[in-house]
Amino acid sequence: MSSKKKAIIVGAGIGGLATAVRLLVNNFEVDIFEKNSKIGGKVNLIEYKDFKIDSSASIFMLPKPYLEVFKYAKKDPKDYIELVELNTLYKVFNDEGDSFNIYSDFLKTTESLEKVFNDESSNYYKYISDSYRRYLLVEKYFLNRSFFTLNYWRYFKSLPELIKIHPFKNCYKTIEEYISNEYLKTLLAFQCMYIGESPLKSSNVFNLIPSTTQIYGLYYIKGGMYSYVKALEKLILELGGKIHLNSNVTNIIMEKNVAIGAKINHENIFSDLIVCNSDFTYTIQNLLPRSTFKNKISRRKQNNLSFSCSTFILHLFLKKKYKNLHVHNIVLNLNKKEVLLAPFIDGPLPKEYIYYIYCPSSIDTSLTPPDCECINITVRVPNLKKYKSKWNEFTIVSLKNKILYDLSKIKGLEDIKENIIYESYTTPMTLKNDFNCFFGAAFGLNHNLLQTTIFRPQAKIKKLKNIYFVGDSVHPGSGISMSLISAKLYCEKIISDFS
Numbered sequence: 001m002s003s004k005k006k007a008i009i010v011g012a013g014i015g016g017l018a019t020a021v022r023l024l025v026n027n028f029e030v031d032i033f034e035k036n037s038k039i040g041g042k043v044n045l046i047e048y049k050d051f052k053i054d055s056s057a058s059i060f061m062l063p064k065p066y067l068e069v070f071k072y073a074k075k076d077p078k079d080y081i082e083l084v085e086l087n088t089l090y091k092v093f094n095d096e097g098d099s100f101n102i103y104s105d106f107l108k109t110t111e112s113l114e115k116v117f118n119d120e121s122s123n124y125y126k127y128i129s130d131s132y133r134r135y136l137l138v139e140k141y142f143l144n145r146s147f148f149t150l151n152y153w154r155y156f157k158s159l160p161e162l163i164k165i166h167p168f169k170n171c172y173k174t175i176e177e178y179i180s181n182e183y184l185k186t187l188l189a190f191q192c193m194y195i196g197e198s199p200l201k202s203s204n205v206f207n208l209i210p211s212t213t214q215i216y217g218l219y220y221i222k223g224g225m226y227s228y229v230k231a232l233e234k235l236i237l238e239l240g241g242k243i244h245l246n247s248n249v250t251n252i253i254m255e256k257n258v259a260i261g262a263k264i265n266h267e268n269i270f271s272d273l274i275v276c277n278s279d280f281t282y283t284i285q286n287l288l289p290r291s292t293f294k295n296k297i298s299r300r301k302q303n304n305l306s307f308s309c310s311t312f313i314l315h316l317f318l319k320k321k322y323k324n325l326h327v328h329n330i331v332l333n334l335n336k337k338e339v340l341l342a343p344f345i346d347g348p349l350p351k352e353y354i355y356y357i358y359c360p361s362s363i364d365t366s367l368t369p370p371d372c373e374c375i376n377i378t379v380r381v382p383n384l385k386k387y388k389s390k391w392n393e394f395t396i397v398s399l400k401n402k403i404l405y406d407l408s409k410i411k412g413l414e415d416i417k418e419n420i421i422y423e424s425y426t427t428p429m430t431l432k433n434d435f436n437c438f439f440g441a442a443f444g445l446n447h448n449l450l451q452t453t454i455f456r457p458q459a460k461i462k463k464l465k466n467i468y469f470v471g472d473s474v475h476p477g478s479g480i481s482m483s484l485i486s487a488k489l490y491c492e493k494i495i496s497d498f499s
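Per UniProt numbering, residue 1 is the first one in the sequence shown, and the count goes up by one each step.
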């Protein structure tokens, strides 16, 4: 490019930060505007005195997209983040008082499974192998491809490969074909819920989550996931980018369907292009002028899209070490209707939960004072469109007490309530108010077949120029790895458009 083009990025989530890096490498002038006082979006930090813990995302899977951002800028990732490969992928507790581990080492996993489930290990590996084979097809034909209007032919050309994946079968049905033990079924099904949809409804495609976890392993970033956010910030500043905090974008300025700038803290700032890392539906509903939607985008259609579930996260700082916890822990519950379906349908809060416990201080002493622990307990709950009651103090305290009561029944965690130094919460209302998540949906749009690949929002909306989208609700989907892939795909589109 002969002269620098100016890009405004709305939102300093990971998708926006990764986009900034790639644009800066390609000689764009980049300004990121973030409404909050810290960068990271939903991937943020809870701090109290000498304690700290990630506020939400914590499972580092599919490491390649994380590292590619630095390599694209010709930087060594080791100069920015310190990765620790986890030997224990998950510590798993069941409601019968037993526990077992899933390891990165296949032999150790086999021994662990056979102690608890007798002859299920061969079935488990058959499931992992077949699911991974399908993942390779998904990666080749769908994950790393964009589907803009002129490229629809790619999708239809790939249909024979799509059929091999059996996309119309749900995750749980596929798991049942391999696994007979109910606890092991539930463990695998729970991992498929990481996209914010019920495994009783979501496509078999998402069995890729437990399979890639076992094949590629899980990693931990020293200092927690927020260290990755800070690493991207460091790289952006080194490349000459600018990050503006407490800068609320209230309107995107359009002129004859061309984005020319944004209204930020009551001031109009102009640019050559806008990249929206803000929630996709929120952006359509609140930031674009209504005249933009005449015969182009229906707000009603946006409102009728299907959204992912939400989450409730209990953040605890504790004055005691709990040696039976690893970094990632799952507490199973066999009430299939409550734990696998209730968070995704209209109605009250579920009566029972599967608990995901994140305990980074089990291996990272930088997060707490000596002999202390920091943990997050996450449960899936309905989003604000489906949950008809209010998230008030009574709701929060009731759910907190339910969680602590259930955890206190686990051997080694009996006194967890008595050792709380500090507690805080992330609720669907937090997601809605702090991060503009539409309906408080933690994972953006859900991933039913009519909202994936060609049917999912892409980087651009037809007939709107110089405005692009990145993040959970656009192709390829939710999660940090997917947001990083979307940043890669859509930067290629931006560079092509402006070359």
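Note that beta-carbon positions come from the ideal geometry of N, C-alpha and C, so glycine has one too.
Where residue i sits in the DSSP three-state scheme
i, result
"tyrosine 387", "coil"
"residue 501", "Shown here, the chain extends from 1 to 499; a query on residue 501 therefore has no answer."
"methionine 429", "helix"
"histidine 88", "First, the amino acid is wrong: residue 88 is threonine here, not histidine. Three-state DSSP puts threonine 88 in a strand."
"isoleucine 253", "strand"
"leucine 484", "helix"
"glycine 15", "helix"
"lysine 294", "For lysine 294, the predicted structure reports a pLDDT of 47, less than 50, and the residue's modelled location is therefore unreliable. A value from the coordinates is still provided. In this structure, lysine 294 counts as coil in the three-state DSSP scheme."
"asparagine 449", "The sequence shown places leucine at residue 449, rather than the asparagine named in the question. Looking at leucine 449 - three-state DSSP - the assignment turns out to be helix."
"glutamate 414", "coil"
"asparagine 376", "strand"
"serine 366", "helix"
"tyrosine 220", "strand"
"glycine 40", "strand"
C-beta contact flag for residue i and residue j at 7 Å
i, j, result
"glycine 440", "serine 310", "yes"
"leucine 17", "leucine 273", "no"
"serine 58", "tyrosine 422", "no"
"alanine 73", "isoleucine 39", "no"
"aspartate 371", "glycine 224", "no"
"leucine 445", "leucine 305", "yes"
"leucine 218", "leucine 86", "yes"
"leucine 24", "glycine 241", "yes"
"serine 362", "valine 327", "yes"
"threonine 19", "valine 381", "no"
"phenylalanine 344", "serine 198", "yes"
Spatial neighbours of residue i in its chain, beta-carbon cut-off 6 Å, leaving aside the 5 residues before and after
i, result
"leucine 404", "Lys417"
"lysine 493", "Ala459"
"phenylalanine 51", "Phe317, Thr368, Cys374"
"proline 77", "Leu67, Phe70"
Closest by C-alpha distance to residue i, when choosing among the options
i, options, result
"glycine 97", "Phe438, Leu413, Pro476", "Leu413"
"leucine 449", "His166, His266, Leu367", "His166"
"phenylalanine 168", "Asn265, Leu399, Ile461, Asn207", "Asn207"
"asparagine 286", "Asp105, His315, Cys437", "Cys437"
"asparagine 94", "Asp364, Leu431, Ile354", "Ile354"
"valine 258", "Ser3, Asn466, Phe435", "Asn466"
"phenylalanine 443", "Tyr194, Tyr356, Leu305", "Tyr194"
"valine 229", "Leu45, Ser486, Leu445, Glu29", "Leu45"
"asparagine 36", "Ala7, His244, Glu82", "His244"
"valine 339", "Val379, Pro63, His266", "Val379"
"valine 10", "Leu218, Phe270, Lys402", "Phe270"
"tyrosine 356", "Asn376, Thr281, Lys462, Ser496", "Asn376"
"serine 211", "Phe280, Tyr127, Ala487", "Tyr127"
"serine 146", "Met482, Met61, Phe394", "Met482"
"aspartate 31", "Pro199, Thr213, Val249, Pro77", "Val249"
"aspartate 364", "Arg22, Asn401, Lys321", "Lys321"
"aspartate 406", "Glu352, Thr452, Leu384", "Glu352"
7 Å CB neighbourhood of residue i in its chain, flanking five on each side removed
i, result
"tyrosine 80", "Phe70, Ala231, Lys234, Leu235"
"serine 202", "Asn170, Cys171, Cys192, Ile195, His447"
"threonine 174", "Asn204, Asn207"
"phenylalanine 190", "Ile330, Ile354"
"serine 291", "none"
"alanine 487", "Gly15, Ala18, Thr19, Arg22, Val470"
"phenylalanine 307", "Asn383, Lys385, Phe438, Phe439, Ala441, Leu445, Asn446"
Supposed close pair residue i, residue j - CB separation, criterion 8 Å
i, j, result
"valine 92", "leucine 187", "6 Å"
"valine 474", "proline 457", "5 Å"
"residue 515", "glycine 15", "Nothing about residue 515 can be reported from this structure: the residues present for the chain run from 1 to 499 only."
"asparagine 329", "tyrosine 90", "7 Å"
"tryptophan 391", "proline 348", "Their Cβ separation, rounded to whole angstroms, is 12 Å, which puts tryptophan 391 and proline 348 out of contact at 8 Å."
"threonine 110", "asparagine 101", "Not really, about 12 Å apart at Cβ, beyond 8 Å."
"lysine 4", "glutamate 29", "5 Å"
"serine 247", "glutamate 34", "6 Å"
"phenylalanine 60", "tyrosine 220", "6 Å"
Own chain partners of residue i with C-beta closer than 8 Å, once the 5 adjacent residues on each side are dropped
i, result
"threonine 426", "Ser55, Ser56, Thr311, Phe312, Ile313, His315"
"leucine 184", "Leu113, Phe117, Glu120, Tyr124"
"tyrosine 282", "Asn436, Cys437, Phe438"
Neighbour flag for residue i against chain B, beta carbons, 7 Å
i, result
"glutamine 214", "Judged by its chain identifiers, the structure shown contains no chain B, having just a single protein chain."
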